[in-house]
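*Asks:*
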Amino acid sequence: MTTDASRKVPLFGGAISAHLPTRYVDVSDFRPVPDNQEVWTDASVDESVIVEILERVEEGPSDAEGGAAGWFWEDLAAVSECGPNDAHLMSVTRLSSEHLPAMNGRFAAASVAVGTMKMAKGRERGDERVNVVEVTLANIRLPEVGTDLLVTVNRPLVVAPGSSAAATTGAGVIGTGGEGWSALRSILETFSVDDWSLFGYGD
1 MTTDASRKVP
11 LFGGAISAHL
21 PTRYVDVSDF
31 RPVPDNQEVW
41 TDASVDESVI
51 VEILERVEEG
61 PSDAEGGAAG
71 WFWEDLAAVS
81 ECGPNDAHLM
91 SVTRLSSEHL
101 PAMNGRFAAA
111 SVAVGTMKMA
121 KGRERGDERV
131 NVVEVTLANI
141 RLPEVGTDLL
151 VTVNRPLVVA
161 PGSSAAATTG
171 AGVIGTGGEG
181 WSALRSILET
191 FSVDDWSLFG
201 YGD
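Position 1 of the sequence shown, counted from 1, bears residue number 1 in UniProt numbering, the numbering being contiguous throughout.
See below:
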């Protein structure tokens, strides 16, 4: 797989930074995005990355086998209204400081979950609009500031003929498994909290 050209991108007003592929554009330039999220996308392949700041979740993630990312992945599937046969969590792996060198060890735990979900884009409904999406989600736990960070890469593997994405990606099989983790891994390698006051905490 060819390595994407990337650039350093300031997130949340520069409090967080990471290198993102130059092909990504800021979704907030053309539609509203929640204040606790940064959303970037490459519409040509319907791929997106979401960086999300959450208040630390105490119950559930800490007990998740393999790492808290699995708990957050399954929670995302529920929020996305995936049925019992529509979401398949394939792996959960703990991450080390080697995966997040720019964090300088300043996190309690980190993990990544990989799986597929059947979902339609936005408010689209109907079986003819349901895509198969590889969802690769990393969780970085920051208990000292009461925060869970999520970095999620969504990349469709199969685009339905009725999906609005088909106009740019084409319908049918458009991706192979593992590309989401390749993209996410490159982002995590440069992911840095540059201003801890973002969390109401003085550095």
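In this text, a Cβ means the ideal position worked out from N, Cα and C, and glycines have one as well. As the structure is a computational prediction, the values presented were derived from the model and not from experiment.
CA-CA distance, His19 and Thr190?
*Replies:* Cα to Cα, the separation comes out at about 6 Å.
*Asks:* Within a Cβ cutoff of 6 Å, which residues of the same chain sit near Ala108, ignoring the five residues on either side of it in sequence?
*Replies:* So the qualifying residues of the chain are Arg141 and Pro143.
*Asks:* Excluding the 5 residues preceding and the 5 following Cys82 in the sequence, name in chain order all residues of the same chain whose CB lies nearer than 8 Å to its CB.
*Replies:* Same-chain partners within the cutoff: Met117, Lys118 and Met119.
*Asks:* The alpha helix (DSSP H) spanning Ala78 covers which residue range?
*Replies:* Looking at the DSSP string, the run of the alpha helix (DSSP H) that includes Ala78 is Ala69 to Val79.
*Asks:* Between the alpha carbons of Ser97 and Ser186, how many angstroms are there, rounded?
*Replies:* Approximately 14 Å, taken between the alpha carbons.
*Asks:* Please list, in chain order, all residues of the same chain as Ser80 whose beta carbon is under 7 Å from its beta carbon, the five residues on each side excluded.
*Replies:* Hits under 7 Å: Met117 and Met119.
*Asks:* Which of the three DSSP states is assigned to Ser111 in this structure?
*Replies:* Ser111: strand per DSSP, three-state reduction.
*Asks:* Label Ser91 either buried or exposed according to how many other C-beta atoms from any shown protein chain fall within 10 Å of its C-beta, with 16 as the threshold for buried.
*Replies:* Exposed, by the Cβ-count rule.
*Asks:* In the DSSP assignment, the beta strand (DSSP E) including Ser17 goes from what residue to what residue?
*Replies:* Taken as a continuous stretch (DSSP letters only), the beta strand (DSSP E) holding Ser17 covers Ile16 to Pro21.
*Asks:* Taking just the CA atoms, how far does Val49 sit from Val135?
*Replies:* Computed Cα separation, rounded: 10 Å.
*Asks:* By how many angstroms is the C-alpha of Ser192 removed from the C-alpha of Gly66?
*Replies:* Those two C-alpha atoms are separated by around 24 Å.
*Asks:* So, helix, strand or coil for Ser6, using DSSP?
*Replies:* Ser6: strand per DSSP, three-state reduction.
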